[in-house]
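Quick note: my numbering has the sequence shown finishing at residue 620, numbered continuously throughout. We put the beta carbon where it would ideally sit given N, CA and C, even for glycine. Since we're looking at a predicted model, the values are computed, not measured.
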Amino acid sequence: MIDKTWTSAADAVSDIPDGASLAVGGFGLSGNPIALIEALLAQGTRDLSVVSNNCGVDDWGLGILLGAGRIRKMTSSYVGENKEFERQFLSGELELELTPQGTLAEKLRAGGAGIAAFYTQTGVGTQVAEGGLPQRYDGAGGIAVASPIKDVRVFDVDGVPREFVLEEAITTDFSLVHAWKGDRHGNLVFRKAARNFNPLAAMAGRVCIAQVEHLVEPGEIDPDDVHLPGVYVHRLVEVGPGIEKRIEKRTVREGVTEPGPVPSTSSGPSASMSKEF
């Protein structure tokens, strides 16, 4: 029997070195592997290159690593919820590779599937393909590093010639993900909106570390219910169903009573997405 469980989040991330690359699950604050992020913060790891849909908020998710100056580069599709992110990027402290969201998802999936690169129509005719997007500023308003020009080719699609841009896959040294349930062999089940980028990030990491709310024995998860097979997962830490979960924003119409606190066990869209309801 291959038991992939570890005793604590601190132990599970203890060998992540300075300068490592990480793929981190989550969308907004939904599905953030917060226990693993906090453990990484506590051990002092720095100079990280992180691939994630976004960078949390100023005091939660990846935002706590950013605020402590631990992240050197972010590869993301959305960065609009974090003022410290804006400050660090414009001052030249942080490098950013801004990537279309669907492209980012496929780059992670392709990396996990052993596909080196792929062509997509997304970004054709823009700076995504033509280069020149600021990746690092010089601190004085100038661009120190700009995105490169990418290969564009024409393919015949249903008899119509169309341009496609080449995008390289992403693999990282480690990945950190959150799952609702996992067995000791590493088979994972995600819950509702918290599924988001977590399976893709898990696939892209050479060493995948997963925090799970419920740890069960092998065989207790029906094979048809497995969202990510254990072959992609190397370490598991049980964090329990009471782990804190946050929402970026809660907006209600004027005159409507605001609902009570969201239970910590909820992972559905209403509990984890930054949307109006």
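Problem - Close beta carbons around Ser610, own chain, < 6 Å, minus the five adjacent residues each side - result: Because the pLDDT at Ser610 is just 43, under 50, the model does not fix this residue reliably, and the point stays unresolved.
Practice task
Please name the residue in Ala522, Gln431, Ala385, Cys398 whose C-alpha comes closest to that of Leu372.
Solution key: Cys398
Practice task
Give the straight-line distance between the Cα atoms of Gly406 and Arg578, rounded to the nearest whole angstrom.
Solution key: 24 Å
Problem - Backbone secondary structure at Phe540 - three-state DSSP - result: coil
Exercise for the section: Name, in chain order, the residues that DSSP records as bridge partners for Thr446. Expected result: Answer by DSSP bridge pairing: none, since Thr446 is not bridged.
Problem - Ala411 and Val580 closer than 9 Å at C-beta - result: no
Exercise for the section: Enumerate in chain order the residues of its own chain whose CB-to-CB distance from His557 is below 7 Å, with the five nearest sequence positions on each side excluded. Expected result: Trp523, Lys524, Pro584
Problem - Between the CA atoms of Ser364 and Val393 - distance to the nearest angstrom - result: 6 Å
Problem - Separation of Ser518 from Phe507, as counted between CA atoms - result: 29 Å
Practice task
Leaving aside the five residues before and after Gly454 along the sequence, list all residues of the same chain whose C-beta is less than 6 Å from its C-beta, in chain order.
Solution key: Ala512, Ile513, Thr514, Ala547
Problem - Pairwise C-alpha distance: Arg589 and Ala614 - result: Legend: pLDDT at Ala614 = 37, less than 50; position of this residue unreliable, value from coordinates given subsequently. Approximately 8 Å, taken between the alpha carbons.
Practice task
Report the rounded CA-to-CA distance for Glu587 versus Ile380, giving the unit in angstroms.
Solution key: 13 Å
Exercise for the section: Have a look at the DSSP bridge pairing and note the partners of Glu506. Expected result: Val497
Practice task
Grab me the residues of Leu447's own chain with a C-beta within less than 6 Å of its C-beta, minus the 5 sequence neighbours each way, in chain order.
Solution key: Ser420
Handout entry: CA-to-CA distance, Ile359 to Gln478, given in whole angstroms
Key = 25 Å
Handout entry: Nearest-angstrom Cβ-Cβ length linking Asn530 and Pro572, presumed shorter than 8 Å
Key = 6 Å
Handout entry: Buried or exposed (CB count within 10 angstroms, at least 16 for buried), Ala544
Key = buried
Practice task
With a threshold of 16 other CB atoms inside 10 Å of the CB of Arg452, please say whether the residue is buried or exposed.
Solution key: buried
Handout entry: N- and C-terminal bounds of the beta strand (DSSP E) containing Val471
Key = That residue, Val471, is in no beta strand (DSSP E); its alpha helix (DSSP H) goes 470–473.
Exercise for the section: Can you tell me which of the three DSSP states Ala456 falls into? Expected result: helix
Exercise for the section: Could you check what DSSP says for Ser613 in three-state terms: helix, strand or coil? Expected result: Below a pLDDT of 50, predicted positions are generally treated as unreliable, and Ser613, at 37, falls in that range; no measurement from the model is reported.
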